[in-house]
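Here the structure is laid out as structure tokens; the discussion comes afterwards.
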Amino acid sequence: MTAELPSLAASEFVATLTQAGKDSDRPSAKIIVDALLQAEKTAKQQRISYTFDSLVGTWRLCFATGTRKVRQRGGIILGKGFYWPKLTPTYLSFSEATSAKAEISNQVKLGSVFLKLTGPAKYLGKKNLLAFDFTHIQISLFGRVIYNKPLGGNKSQTKDFDNEPIAKLPFFAFFLITEDFIAARGRGGGLALWFRER
Numbered sequence: 039m040t041a042e043l044p045s046l047a048a049s050e051f052v053a054t055l056t057q058a059g060k061d062s063d064r065p066s067a068k069i070i071v072d073a074l075l076q077a078e079k080t081a082k083q084q085r086i087s088y089t090f091d092s093l094v095g096t097w098r099l100c101f102a103t104g105t106r107k108v109r110q111r112g113g114i115i116l117g118k119g120f121y122w123p124k125l126t127p128t129y130l131s132f133s134e135a136t137s138a139k140a141e142i143s144n145q146v147k148l149g150s151v152f153l154k155l156t157g158p159a160k161y162l163g164k165k166n167l168l169a170f171d172f173t174h175i176q177i178s179l180f181g182r183v184i185y186n187k188p189l190g191g192n193k194s195q196t197k198d199f200d201n202e203p204i205a206k207l208p209f210f211a212f213f214l215i216t217e218d219f220i221a222a223r224g225r226g227g228g229l230a231l232w233f234r235e236r
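Per this note's numbering, residue 39 is the first one in the sequence shown, and the count goes up by one each step.
The structure is reproduced here in structure tokens:
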């Protein structure tokens, strides 16, 4: 399901990131950010590529960093990072189709309110890039759908998505995919870590 990576699997950062998914004795945010950066560096050095099939499933957001723009340096600085609160579980799902015609779903639950965004996705395996566009929104309250509409009017967004260059779309650049967790950098520069939902 994932690339065979004997040197990667034995890496210290894999053990650290695995520990982040536990309910207790989780590493500090700084240690997780350092482990994510080391995993990203290793993936670039080893030119690791993953298949879309290794992403198929539902993943629970565990950890994220933000970014902030810095004028003097002309770039961005990675935020400190934080564990995502368990009171508001957030999930990312990828449906199996083909890597050229996939679907992404982002779901957030806050008490009895459930928000779900869906849309098309395309995966570039050589670069481990997954571009996507959310085109549909669904809101449920107490398990009952109360709002279910396309986003952005009635135009044919899927057709536009197919012709849109990846550079103009939101994307995730995945740098670590295992059976239990995935890690990626978003287009805005932030890092995220998700664990497979069982």
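Cβ atoms here follow ideal geometry from the backbone N, Cα and C, with glycine treated the same way.
Keep in mind it's a predicted model, so treat the numbers as computed, not measured.
Query: 9 Å Cβ cutoff met for Phe172 and Thr156; Result: yes
Query: Nearest to Ser62 (by Cα), restricted to the options Lys79, Ser150, Lys124 and Asp198; Result: Lys124
Query: Pairwise C-alpha distance: Ile69 and Gln57; Result: 11 Å
Query: 4 or more residues per run - each alpha helix (DSSP H) lying fully within the segment 39–93; Result: 44–47, 50–58 and 67–84
Query: Contact set for Gln145: own chain, Cβ-Cβ below 6 Å, skip 5 residues either direction; Result: Tyr129 and Lys154
Query: Whole-number beta carbon distance between Phe213 and Glu50, since they are thought to touch under 8 Å; Result: Not confirmed; about 16 Å, so no contact.
Query: Run of the beta strand (DSSP E) containing Gly157, from where it starts to where it stops; Result: Val151 to Leu162
Query: Run of the beta strand (DSSP E) containing Asn166, from where it starts to where it stops; Result: Taken as a continuous stretch (DSSP letters only), Asn166 belongs to no beta strand (DSSP E), as it is neither H nor E.
Query: Cβ-based burial, Leu93 [other Cβ within 10 Å; buried from 16]; Result: buried
Query: Classification of Ser150 by the beta-carbon crowding that lies within 10 angstroms, buried from 16 upward; Result: exposed
Query: Endpoints, beta strand (DSSP E) assigned at Thr128; Result: Thr128 to Ser133
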